[in-house]
Amino acid sequence: MAKEGPPKILRLDESVVNRIAAGEVIQRPVSAVKELVENSLDALSTSINVVVKDGGLKLIQVCDDGHGIRYEDLPILCERHTTSKLSKYEDLQSIHSMGFRGEALASMTYVAHVTVTTITQGQLHGYRVSYRDGVMEHAPKACAAVKGTQIMVENLFFNMIARRKSLQNSSDDYTKIVDLLSRFAIHHINVSFSCRKHGTARADVHSVITSSRLDSIRSVYGVTVSSNLMKIEASDNDPSSSLFEMDGFITNSNYVAKKITMVLFINDRLVECSALKRAIEIIYAATLPRASKPFIYISIVLPTEHVDVNVHPTKREVSLLNQEVIIEKIQSVVESRLRNSNQAMAFQEQT
Ligand code: ADP
Ligand code: MG
C-alpha cells in the first residue's frame with residue numbers, strides 16, 4: 121500500500137517530549153510523593169507533613185521545615201535538569217542526596233499544576249509562585265510563611281487522559297502513599313512524618329522523633345510486628361570481596377502475616393531489590409515450619425562508589441557492586457538468627 125516510501129520522520133514538539141518523559145518519572149501519585157519527600161529530606165528537614173486528596177489526583181501537599189529555596193533560584197526551580205545537588209558527572213560517585221537529576225519538579229509541572237511556597241532563614245517573608253510546563257506563571261509573590269517549603273501538586277495527570285482514567289479506577293493510591301510514608305518514618309527516625317487525607321484531622325501515619333528504631337516501628341507498624349522482632353547485623357570489611365555494613369530487624373516464628381513486608385534502605389535511599397527479597401523469602405520458607413511471611417527492615421551502608429543510583433528513571437532500584445556476595449551474607453545471618461530463635465523457643469516450650 122505504501123507506494124510513497126517510508127513515512128517521514130518528524131521532530132517532536134518539545135512540550136510533547138517533556139510530557140512523555142514526565143510520565144516516566146512520575147508514574148503515579150505515590151511517585152510524586154516520594155520525590156517531594158526526598159527533596160524535603162535533602163533540604164535537611166526535621167518535620168515532613170503530607171496531605172492527600174482523592175488518592176493524590178486532586179492534591180498532594182508536602183510541607184517541610186527544611187532550608188527553603190532562594191528567591192533568585194525560583195525562576196529555574198522547575199526547569200528540567202536544574203539541581204543544587206550535582207554539578208559534574210563524577211559527583212554521582214560520591215552522592216549522598218536522594219535527588220541529583222533535577223527532573224522531579226520539572227516533570228510535575230508538565231503533568232500537573234505546581235505551587236511552591238518557601239522561605240529561607242533570616243527572611244521576613246516567604247514567596248509563593250505557581251509553575252506550568254517548567255516555567256513560572258507569574259513573578260513570585262511575597263507571602264507569610266513558616267520555616268521551610270510547601271509544595272502543592274494539583275490535578276495530577278490532567279493532560280494524560282488514559283493515565284488519569286486508569287488511576288481513578290484503582291482506589292489504592294492513598295494506601296500506597298501511607299505505605300511509603302511508613303517506610304520513610306521507620307528509617308529516618310530523626311525526622312517526624314505525618315500523612316493524612318485532606319479534610320480529616322486524623323493522620324494515618326504519625327511518627328515522632330526518637331532514638332529507638334524499635335519504638336518507631338512499634339508506633340508505625342504496631343505492636344504485633346514490633347514485639348516479634350529480632351535484631352540482625354552483618355558486615356564485611358574485606359576490600360577484596362565486598363565492603364558493607366548491614367543492620368535491621370526481622371520477625372521471628374511467632375509472627376504471622378499474609379504477605380512479606382520488606383523495607384530496604386541502601387545508603388539511606390529507599391529502594392527495592394527483588395533478588396534480596398527472594399533470597400530472604402527462601403530462608404523463611406525453609407527454616408520456619410509454617411512458612412510464615414516476615415516483616416523485614418534492612419539498612420545497608422556501602423561505599424558510595426559501589427552503588428549505581430542511576431539505573432532506573434524513578435531511582436526505585438540501584439545496582440550494587442558485589443551484589444551476590446552481599447545477598448549471601450545477609451541470607452546466612454538471617455538463617456542463623458532464625459534457627460537460634462527457633463531452638464530457643466522449642467527449648468522454652470519443653471521446659
Ligand atoms: P533534584 O532533587 O534531583 O535536584 P528536583 O526537581 O527534585 O531535582 O528539585 C530541584 C531543586 O529544587 C533541588 O536541587 C533543590 O535545590 C530544590 N528543592 C526542591 N524541593 C525542595 C525543598 N523541599 N526544600 C528545599 N529545596 C528544594
Ligand atoms: Mg528531587
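All residue numbers for the sequence shown refer to the numbering used here, where the first residue is 121 and numbers rise by one. Ideal placement from N, C-alpha and C gives every residue a C-beta, glycine not left out.
Item                                                                                                        : Value
Under 8 Å between C-beta atoms of ILE380 and VAL454                                                         : no
SER167: CB within 7 Å of a non-hydrogen atom of the ligand ADP                                              : no
Cα-Cα separation, SER456 to ILE402                                                                          : 14 Å
From SER394, THR424, LYS413 and ASN460, residue whose alpha carbon lies closest to that of LYS351           : ASN460
8 Å Cβ cutoff, ARG284 in contact with chain C                                                               : Here there is only one protein chain, and chain C is not present.
Whether SER347 touches ILE337 by CB criterion (8 Å)                                                         : no
Closest residue to LYS378 among PHE385, ASN357, GLU365 and ARG410 (Cα-Cα distance)                          : ARG410
Beta-carbon spacing of VAL234, TYR251 below 8 Å                                                             : yes
GLU96, buried or exposed, once every other Cβ within 10 Å from all chains shown has been counted against 16 : Any answer about residue 96 is impossible in this case: the structure gives the chain only from 121 up to 471.
Uninterrupted beta strand (DSSP E) stretches inside the stretch 126-191 (no shorter than 3 residues)        : 167-173 and 179-184
Short Cβ contact (8 Å threshold) for LEU408 with LEU458                                                     : yes
For review: beta carbons within less than 6 Å of any heavy atom in the ligand MG                            : GLU155, GLU158, ASN159, GLY219 and ALA224
Buried versus exposed, by CB contacts within 10 Å (16 or more), ASP292                                      : exposed
Beta-ladder partner(s) of ASP388, from DSSP                                                                 : Looking at the DSSP assignment, ASP388 forms no beta bridge with any residue, so it has no partner.
Residues near LEU164 by beta carbon distance below 8 Å, same chain, minus five either side                  : GLY186 and HIS187
Under 8 Å between C-beta atoms of PHE417 and VAL383                                                         : Note that residue 417 corresponds to Tyr in the displayed sequence, not to Phe. Cβ distance < 8 Å, so TYR417 and VAL383 count as in contact.
Residue span of the alpha helix (DSSP H) that contains LYS296, given as start and end                       : 293-307
GLN243 - DSSP class collapsed to helix/strand/coil                                                          : coil
Coarse secondary structure for ALA265, derived from DSSP in three states                                    : coil
Identity of the residue in ASP428, PHE364, HIS318 and VAL328 nearest SER214 by Cα                           : ASP428
Check: LYS267 C-beta below 7 Å from any heavy atom of the ligand ADP                                        : no
Residue interval of the alpha helix (DSSP H) (run including TYR230)                                         : 224-231
Within 8 Å, strictly: CB atoms of ILE189 and ALA152                                                         : no
Three-state secondary structure (DSSP) of ARG338                                                            : helix
Nearest candidate by alpha-carbon position, reference LEU334, set ASP367, ALA354 and LYS449                 : ASP367
C-alpha distance - SER312 paired with SER339, whole-angstrom precision                                      : 12 Å
Counted within 10 angstroms of its Cβ, other Cβ atoms place TYR404 as buried (16 or more) or exposed        : buried
Distance cut-off 7 Å: ASP184 Cβ against heavy atoms of the ligand ADP                                       : yes
For ASN357: DSSP bridge partner residues                                                                    : LEU363
Counted within 10 angstroms of its Cβ, other Cβ atoms place THR474 as buried (16 or more) or exposed        : What the structure shows of the chain is the stretch from 121 to 471, and residue 474 is not part of that stretch, so it cannot be assessed.
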